[in-house]
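Protein chains in written order, with full-length UniProt numbering: chain H, 1 to 324; chain E, 1 to 674.
Structure record follows, encoded as structure tokens.
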Amino acid sequence: MKTFEYRTATGLADGLEPGAVFLAGGTNLVDLMKLGVATPDVLVDVTRLPLDQVTELPGGGVRIGSAVRNSDLAADRRIRTGYPVLSQALLAGASGQLRNMATTGGNLLQRTRCRYFMDATMPCNKHLPGSGCPAREGDHRNLAVLGGSDACIATHPSDMAVALAALDAVVQIDGPAGSRSIPVTDLHRLPGDTPERDTALEHGELITAVDLPVLPVAARSAYRKARDRASYAFAVGAVAAALEVKDGLVHDVRLAFGAVAPKPWRALAAEQALRGQPATRESFLAAADAELAAAQPLRDNAYKVTLIRNLTAATLSALTGDVR
Amino acid sequence: MTNTLSRAVGSPLARLEGPAKVSGAARYAAEYPQDQMAYAWIVPSPVPRGRLDAVLTDPAEEDDVLVVLWHGNAPHLEKSDDPELAVLQSDRIAYRGQPVALVVARTLEGARRAAQVVQLDITAEDHDVELRADHPDLHTPDEVVPGVPADTATGDVDAALATAPATVDVTYSTPALHNNPMEPHATIARWDGEDLVLYDSNQHPSGIAKTLGTVFGLPAERVHVIAEHIGGGFGSKGSARPNAVLAAMGSWVTGRPVQLALPRQAMFSMVGHRAPTVQRIRIGASLDGELTAIDHESWTQTSRLFEFVESPGVVTRSMYPVPNLRTSHRVVPLDVPTPRWMRGPGEAPGMVALECALDELAIRLDLDPVELRARSANPGYLSCLRRGAERFGWSGRDNRPRQRREGDWWIGTGMAGATYPANAMPSTARVRALGHDGYEVAIGAADLGTGARTILAQIAADELGVPVDDVHIRIGDSTLPVASVAGGSSGSASWGWAVTGACRALRESGDDEATFDTTELVGKMPTDRHAYGAHFAEVRVDAVTGEVRVSRLFGMYDTGRILNPRTARSQFIGGMVMGIGMALHEESVLDPALGAWVNHDLAEYHIPAHADVEQIDAEWLDEPAADLNPMGAKGIGEIGIVGSPAAIVNAVWHATGVRIRDLPVRLDKLLPSL
């Protein structure tokens, strides 16, 4: 482990010198430092900044401070009733201990668990640009079928982020050049030729909050995750969905896929295909197919296409019957 | 003589060291404070085959570093039986992850960092790490685990198969698996003058002392191995591993005590694994289910360093009486780490093929799988089948697959037999009368967390006719009377025998001290005896995702006398949980191009989580095997993983109609057929 300095951030305008990174729950960053994959010179602890509250926005909607712990957010009454997909996604992730440590901002910025990325002695274009991607020929059973590139087929591991992508969440950012906000779906980049850059954040920019808009459709929403064991495993496929049906037709819908792409995958093509259609299993399957037409599966991950198709139909069908 | 008034044996006494463990007072190998401790970190080879020409260190990272050892400057070691222990002795690289250098530093962080940035000048060579049943380098080994012939044949298998009214001919494969005890291998080494002291996590203090003595040119009595508490081993700590030698080497060179605790990633290279297997099994039977022929062929791998041959076919030699029987093993040396023992070596993968193939035969014959086995079962096994079926609620099962659906779940049941040899090995125990302080019982045994310490106290208490509280057990130390390895499910029988003998000798002699060596008695023990059992599983398979859950798992065992039902139950269901892992989760994933197992941590190498274990239970016949040893006990440490994976695989077929012959059974294999 490389020697590093540690300090606590005292204000949002502190900024970051080169080689410095922010530290929140540390559940991913500290692992990567031990493994020699992350080698920061300075850790700036942001957990003492006043960013740990969930508050209601003036015009409706909810602001989630970036230091709100995953377990606290999952238990928040406003989230459980207004945005159940988010609470369910949080509880599907990691373990109780990790959720107690992990923060909202840190969860969004966690890095892929691609096995080559996680081992500093192996080639990986993400941890050593230009060293190649062994996953394409090697182990890619849980890597991307959508949005990948020749350079990288990593998947984003977060469950929470998939729900946020479905919910039209907006990320509030503060940094040396001032504050800005972007849709959560624009936070994570597709790898292209520069897989070493995970997100649209500039050095020194800090996520301060995630805003959930007023979204009536979200009141009937669900997260369903498939994994290789019953608990404490990353998804091999996941669907976040919200559905509103009127007179048997899809009035409004939100859909995002997890564990299939380098970012939480908002399924806009599927949503488009569904609006106004009968709320039937056939429509749901056709919508999934519309999104998955772009899939480029490799030798060992084609099952994800079937899995996401099945999960989409099952999750939306369950929401159809779930009248509260 | 046994005091009929005392009943310590058979009572569910809690582990004696339990309070010390849960309060943190119990010390594991890496936790013994030492003055001037230095810390070691291994530099693993990044290539699977090649030559190490030089090691260059980064001066910027050397503040804390005491020494960087490699074959260019490491002390000379004597040869032992195990080439893996010749660490830093040659420029040859035999597998990825092999130790090629050792950093010893004043701090753990300094050692790890220096190891991460050390420059290795390596000439890589073409490698081959892929096991195939048609590999040109496959050969017949001299022997297979546990030191038995590779091939056996009785009767005329080919003729019997050709004329059998019903046959199955199926090939099953099991992946490489890694033991992954909770406590990784760890050593603190210290030289007291010319004597070597090792705090080491292992299953055999006496054996480690002897081996380390050989490597460092010392008599065994000059090596003191302390292994008081062990956080599991599952076979991977059965003999000395490179960590013990490297720590001792680092201490010799630096003159300080050296701690070397392996990181989890290193648990996937130098400490052993269960080798992958490919097994073709052919069974011939009459239409009413009488077995007439079995041919069990196995292919597996070993390293270039050492021929260790996993032996799936051995269990088939004793499980069922069959007039025409052939078993064979072929092995190929590859550029991989050396495989070793892992809980139920041979039996666990072998019973996957045998018991799944029998399930396939039962289907072909339209016979209940329990009835098919009952026709060939010995009395103990038959009792397990009958009572197990009754306790599980097997009767009335519809043998057809894919009949039961609840919501999204396909539900099915499956079963398989179980067996394990009844082993014992020579050991010596000593007992001393301490007056008002009771008795000290000493034996160089190791308690891996199984409850060994506790049952030895129970055995001694009954033999001495005193309460358990009056017995003080000393184990986990090579300076105590020599004991056999905690392996082969033999600990209770071997050590309990010696303790029984010593306590009897003390009572009969009236002396203050007695010692008993079982070597002669163990030599006369029957060698063809086994424990038996039957496993029953209910699974559900999600029709949407292909996810498998084990709703119920039940084991019924004929394992002789049960010494402590509490710790015994832990052993049985622990083995069964590992069986769930073998059936559904565990797989060391190989990258052929890099020659590496890439899922080398517990986030990616999945063992069952608590949520994967729903209803699980074990029961036993508790019929003493009086002719085996004074306790009438058979080993119970491994039988839980023998057959339980097959019961689960068979249940998945019954639930879905999909037969998966390549373990683990995961959703990606099921989904295309659901």
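Each residue gets a CB set at the ideal place from its N, CA and C atoms; glycine is no exception.
Predicted model, so just to flag it, every value in this text is computed and none were measured.
Taking a 10 Å sphere around the C-beta of Gln-53 of chain H, we find fewer than 16 other C-beta atoms and assign the residue as exposed.
Rounded to the nearest whole angstrom, the CA to CA distance from Glu-360 of chain E to Gly-344 of chain E is 23 Å.
Within chain H, the residues Tyr-303, Thr-306 have their CB atoms less than 8 Å from the CB of Pro-672 of chain E, given in chain order. Pro-592 of chain E and Ala-285 of chain E have their C-alpha atoms some 40 Å from each other. Linking Phe-572 of chain E to Leu-385 of chain E through their CA atoms gives a straight-line distance of about 16 Å.
In the three-state reduction of the DSSP assignment, Gly-346 of chain E falls in the coil class. Closest in C-alpha terms to Thr-171 of chain E, from the list E:His-296, E:Leu-506, E:Glu-17, E:Ala-646, comes E:His-296. In the displayed model, Gln-119 of chain E falls within a strand according to three-state DSSP.
For the segment 224–282 of chain E, the full-length beta strand (DSSP E) segments reaching 3 residues or more read 258–261 along the chain.
By the Cβ test, the segment 620–627 of chain E is not in contact with the segment 498–516 of chain E, since fewer than three Cβ pairs between them sit closer than 8 Å. Ala-416 of chain E and Leu-553 of chain E have their C-alpha atoms spaced approximately 11 Å apart.
Ala-74 of chain H is positioned such that its CB atom lies no closer than 7 Å to that of Val-44 of chain H. When 9 Å is used as the limit between beta carbons, Val-665 of chain E is near no residue of chain H, the shortest such separation being about 11 Å. The beta-bridge partner set that DSSP reports for Leu-243 of chain H consists of H:Val-253.
Contact between the segment 303–316 of chain E and the segment 193–209 of chain E is absent: fewer than 3 CB-CB pairs across the two stretches fall below 8 Å. In the structure shown, the three-state DSSP call for Ser-45 of chain E is coil.
Put simply, the CB of Arg-115 of chain H is near chain E, with a gap under 7 Å to one of its CB atoms. The segment 590–604 of chain E makes no contact with the segment 540–550 of chain E, as fewer than three CB pairs between them are under 8 Å.
Check the Cα spacing between Arg-222 of chain E and each of E:Thr-211, E:Glu-228, E:Gly-231: the tightest is with E:Thr-211. With respect to chain H, the C-beta atom of Thr-338 of chain E has no partner C-beta closer than 7 Å. Close CB contacts of Gly-491 of chain E within its chain, under the 6 Å cut and outside five residues either way in sequence, are with Ala-452 (chain order). Residues of chain E whose Cβ lies closer than 7 Å to the Cβ of Arg-229 of chain H are, in chain order, His-585, His-606, Pro-608, Ala-609, Asp-612. Between the alpha carbons of Glu-604 of chain E and Leu-584 of chain E lies a gap of roughly 14 Å. With a cut-off of 8 Å on Cβ pairs, the segment 241–248 of chain H is not in contact with the segment 139–158 of chain H, counting fewer than three such pairs. Contact annotation for Lys-2 of chain H against chain E: Arg-113 [CB-CB distance below 7 Å, chain order]. For chain H, the residues of the segment 524–554 of chain E that bring a beta carbon within less than 7 Å of one of its beta carbons are Val-544, Thr-545, Glu-547, Arg-549, in chain order. Residue state for Trp-653 of chain E is assigned as helix, using DSSP reduced to three classes. According to DSSP, residue pairing for Gly-533 of chain E in a beta bridge involves E:Ala-418, E:Tyr-557.
The beta carbon of Val-336 of chain E lies closer than 7 Å to those of Tyr-95, Val-129, Gln-301, Ser-303 in the same chain, with the five residues before and after it left out. In the displayed model, His-585 of chain E falls within a helix according to three-state DSSP. About 17 Å separates the CB atoms of Tyr-39 of chain E and Gln-265 of chain E; that is not less than 8 Å, and the two are not in contact. Not a single CB atom of chain E sits nearer than 7 Å to the CB of Gly-65 of chain H. When DSSP states are grouped into helix, strand and coil, Gln-88 of chain H belongs to the helix group. Distances from the alpha-carbon of Gln-203 of chain E to those of E:Glu-183, E:Leu-138, E:Ala-248 put E:Glu-183 closest.
Across the structure, Ser-509 of chain E and Ala-460 of chain E are spaced so that their CA atoms are roughly 16 Å apart. Take Leu-307 of chain H, set aside five residues on each side of it, and the residues of its chain with a beta-carbon closer than 8 Å to its own are Ala-226, Val-236, Gly-237, in chain order.
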